Amino acid sequence: MKADIRVALVGNPNTGKSTLFNTLTGLNQKIGNFPGVTVDKKTGYCQLQDGRVAEIIDLPGTYSLYPKSQDESIVFSVLADKSNPHTPDLVVVILDATNLKRNLLLYTQVADLKIPVIIALNMMDLAKKSGLIIDVDLFSKKLGVPVVCISARKSDGIDKLKAAISFANKIALQQESIDVSSIAPALIGQISHEFKLDNQYYALQLAHQHETIKFISPAESDRIEEIEQKFSFHSQKAQATETIARYNFINDLLYDTVKVPATAQEETLSNKIDKVLTHKVFGFIIFFGILLFMFQSIFSWSAYPMELIADLFVWIQSTLHQLLPAGPLTGLLVDGVIGGLSGVMVFIPQIAILFAFISVLEDTGYMSRVTFMMDKLMRKVGLNGKSVVPLIGGFACAVPSIMSTRTIENWKDRMITIMVTPLVTCSARLPIYILLIALVVPNRNVWWIINLQGLALTGMYVFSLVSAVLVAFVFKLILKGRERGYFIMEIPVYRMPRWKNVAFSMYERSKTFVLRAGKVIIAVSVILWVLASYGPGNTFEQIEKKYQQLQYTQHLKPDEISKAIKSEKLENSYAGVLGHVIEPVIKPLGFDWKIGIALITSFAAREVFVGTMATIYSVEGSAEKLGSVQQKMKAATNPDTGQPVFSLAVAFSLMMFYAFAMQCASTVAVVYRETKNWRWPAIQFAYMTVLAYTASFVAYHLLK
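Just so you know, we're using my numbering here: the sequence shown kicks off at 2 and counts up by one.
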């Protein structure tokens, strides 16, 4: 889609910037990376009232143009680099109306870059509720920019904001907040002269950030360094001088335009709730109770839709087998592709419910409290309080969680967080756990309300967090670092979740999971079906001849012969040969050669395990007796003992293996991308594989 105007959204964390982005763009958005860096770039499109289309860029949240992380450094780069294709025509600065003093610091910096600006005064409903009186007209006049009052959560004032974007001036008219030239006049003058700059604040920012920004050449950076040394420029002192001057301006502005009540009702209510929810004892009990409720719900609420999806795929496979002529292509489509996909698609309801819960916890402000509570515990094992955000985010996916460690300034804390985050149970493990738990744990309640299957699933999630913390402690003793970590986080007030936002988040994250898993599963299913349907030499012909002998035709029924042929062909196929090769290594864990095939295929992505099981049992089963993958696995028996293949010991051994094993190519890639060294993903892969084998071995021999 071609845009007529490019608009950047800028604001502090927790100002409602992302909510406004979602409100403006709806489903018309995409996520990529900014060129040359691994920082997420969220862009979307919005139809303006004059018929034009605006491209909206959601820049990372930051408190200042002076960055403390890679995410924050993007803001200045996008706003200041005129050659950057993402440089906006207009900036919408989102201010939290209940917290103007802190928010205005960033506004004054952005405004001094002389890019046309509009202020979106967000959370006006909360400001009014807490008794704040803002003279918006005077506020706008003193700053020299349009100010639009909005409530992004309720979609109030969005039309006015779109109108303001439509009629925005192409020339920056905002008033200067401070005299920038007085901070370092000689230095600013020489940089402006040599680099032909007409903006003094831009020249000052180059002096501060020339070593880290990418849009100037090394030679230009060296020249700025020479100018700094010539005038004895001290970056931190200059920043302190600038910040004091800006807050003097902000204090005067707020004194004239804002009347603050003696008490703030919303803050007081949040503080009262926090006394219970962040209590050093009850806070952890409540958090565990919330987790338990989450996983109880995942099992109970999803049962009916999962059954419908399973029945739908069984019907599709059965119908296609009847309609299509028997042959390799039919087998590939029905047993390979559809059979493999059915194994994962059936878990969409549970994945969606998990993401809905995570979205609600984030939206209400409770997730911030969890990170606050965990801070002391994290420090004891060598992690930063900020490490909790990636660890909790790991419940959804390790990839964005590892990317979010960029906000951790301390190298040692960041590396430990990266190394242990994949241990946290992600959404890709959920289908495996649910499948195996449903096979061996009774679906009944204890103490009337607690479902045993939900309790087992909660146990796996808690186990993953405990494992991550223990491994972090070991890394704390191994890795050496002198920097001291610190934890600064803004705790938002409690708010009701935006159900539209929850639904949107649930849809987007589920779609991403399905598309990502679906692509891998289709590819793996096709390869696996070929490997399972063909064997070396004339093996399959000999098996056919074997079962044409009288000793079989006289004593076995036709369907029994058919099942025996399929079973023996699978065992002697290329996939079967591969499974038998690794069987001696995995037999101590209780795994047979079929499970071995699934272990190999799922090294690309964990969720492929379920699809592999579905494909293997589809290839082995008969077209007349199609059932869900769970039913087939439950019916599977060991040919030597006659006992079920998936016993309690085998199921928990498998879960222990998947709890630890690094079976995600995307995670390996992102760890390399974040550390810029193959040594770290190699160490991570090695230690997680050793842990997986050991835990699986212990679980099997304790339970068998």
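C-beta: ideal position from N, C-alpha, C; glycine also. Computed from a predicted structure; not experimentally measured.
Under 8 angstroms by Cβ, that's how I've got residue i and residue j pegged, so tell me the actual separation to the nearest angstrom.
| i | j | result |
| --- | --- | --- |
| residue 343 | residue 314 | 4 angstroms |
| residue 653 | residue 600 | Actually they do not touch by this definition, with Cβ atoms about 16 angstroms apart. |
| residue 26 | residue 45 | 3 angstroms |
| residue 167 | residue 53 | 7 angstroms |
| residue 336 | residue 594 | Residue 336 to residue 594, Cβ: 19 angstroms. No contact. |
| residue 302 | residue 354 | 6 angstroms |
| residue 215 | residue 78 | 7 angstroms |
| residue 458 | residue 299 | 7 angstroms |
| residue 440 | residue 447 | No, residue 440 and residue 447 are not in contact; Cβ-Cβ is about 19 angstroms, not under 8 angstroms. |
| residue 544 | residue 566 | 6 angstroms |
| residue 525 | residue 612 | 7 angstroms |
| residue 332 | residue 494 | About 59 angstroms separates the two Cβ atoms, so there is no contact after all. |
I need the boundaries of the alpha helix (DSSP H) containing residue i, first residue and last residue.
| i | result |
| --- | --- |
| residue 721 | Nothing about residue 721 can be read from this structure; the chain reaches only from 2 to 705. |
| residue 252 | 236 to 258 |
| residue 415 | 412 to 421 |
| residue 569 | 559 to 573 |
| residue 368 | 367 to 381 |
| residue 641 | From DSSP, residue 641 is part of no alpha helix (DSSP H); its letter is neither H nor E. |
| residue 163 | 159 to 167 |
| residue 327 | No alpha helix (DSSP H) holds residue 327; DSSP gives it neither H nor E. |
| residue 702 | 680 to 704 |
| residue 594 | 594 to 602 |
| residue 223 | 219 to 231 |
For residue i, tell me which candidate among the options has the shortest Cα-Cα distance.
| i | options | result |
| --- | --- | --- |
| residue 657 | 672, 640, 696 | 696 |
| residue 112 | 349, 200, 163, 125 | 200 |
| residue 671 | 139, 404, 178 | 404 |
| residue 373 | 279, 465, 224, 689 | 279 |
| residue 435 | 446, 456, 415 | 456 |
| residue 96 | 76, 124, 414 | 124 |
| residue 347 | 519, 238, 286 | 519 |
| residue 243 | 327, 369, 109 | 109 |
| residue 706 | 586, 684, 261, 328 | No information on residue 706 is available, as it lies outside the stretch 2 to 705 that the chain covers here. |
| residue 1 | 590, 24, 418 | The structure shown does not extend to residue 1, since the chain spans only 2 to 705, so no value can be given for it. |
| residue 80 | 152, 105, 115, 50 | 115 |
| residue 238 | 284, 184, 226 | 184 |
| residue 55 | 162, 275, 676 | 162 |
| residue 655 | 678, 699, 684 | 699 |
Leaving out the 5 sequence neighbours to the left and right, which residues in its chain are closer than 8 angstroms to residue i when beta-carbon positions are compared?
| i | result |
| --- | --- |
| residue 462 | 292, 296, 396, 426 |
| residue 240 | 67, 209 |
| residue 221 | 196, 211 |
| residue 174 | 117, 145, 146 |
| residue 107 | 11, 12, 13, 63, 64, 65, 66, 94 |
| residue 22 | 10, 30, 43, 45, 57, 59 |
| residue 172 | 117 |
Near residue i, what residues of its chain come up, given a Cβ to Cβ distance below 6 angstroms and the 5 sequence neighbours on each side ignored?
| i | result |
| --- | --- |
| residue 402 | 391, 394, 395, 422 |
| residue 160 | none |
| residue 63 | 73, 76 |
| residue 368 | 362 |
| residue 610 | 433, 599, 603 |
| residue 625 | Its pLDDT being 45, under 50, residue 625 is placed unreliably in this model, and the value from its coordinates should be taken loosely. Answer for residue 625: no residue qualifies. |
| residue 98 | 122, 124, 125, 128 |
| residue 661 | 689, 692, 693, 696 |
| residue 164 | 50 |
Would you kindly report the start and end of the unbroken beta strand (DSSP E) that includes residue i?
| i | result |
| --- | --- |
| residue 7 | 6 to 12 |
| residue 121 | 118 to 123 |
| residue 57 | 54 to 59 |
| residue 338 | Note, residue 338: premise wrong, no beta strand (DSSP E); not H, not E. |
| residue 95 | 91 to 97 |
| residue 148 | 148 to 150 |
Excluding the five sequence neighbours on either side, which residues of its own chain have a C-beta within less than 7 angstroms of the C-beta of residue i, listed in chain order?
| i | result |
| --- | --- |
| residue 101 | 255, 259 |
| residue 141 | 147, 148 |
| residue 540 | 573 |
| residue 431 | 348, 351, 352, 355 |
| residue 156 | 24 |
- prompt: How do the region 223 to 231 and the region 247 to 263 stand: do at least 3 beta-carbon pairs fall below 8 angstroms, yes or no?
  reply: no
- request: Count the C-beta pairs between the region 6 to 16 and the region 89 to 105 that are closer than 8 angstroms, then say yes if the count reaches three, no if not.
  value: yes
- prompt: Do the region 631 to 638 and the region 354 to 368 meet, that is, are 3 or more Cβ pairs less than 8 angstroms apart?
  reply: no
message: Could you check whether the region 177 to 192 touches the region 201 to 214, counting it as contact only if at least three pairs of C-beta atoms, one from each stretch, sit closer than 8 angstroms?
response: Judged by pairs of C-beta atoms under 8 angstroms, the region 177 to 192 touches the region 201 to 214, as three or more such pairs exist.
query: Do the region 506 to 517 and the region 297 to 314 touch if we need at least three Cβ pairs shorter than 8 angstroms?
result: Contact between the region 506 to 517 and the region 297 to 314 is absent, with fewer than three C-beta pairs closer than 8 angstroms.
- prompt: Are three or more beta carbon pairs between the region 637 to 650 and the region 681 to 696 nearer than 8 angstroms?
  reply: no
message: Would you call the region 572 to 590 in contact with the region 527 to 545, where contact means no fewer than 3 C-beta pairs closer than 8 angstroms?
response: Contact between the region 572 to 590 and the region 527 to 545 is established, with three or more Cβ pairs separated by less than 8 angstroms.
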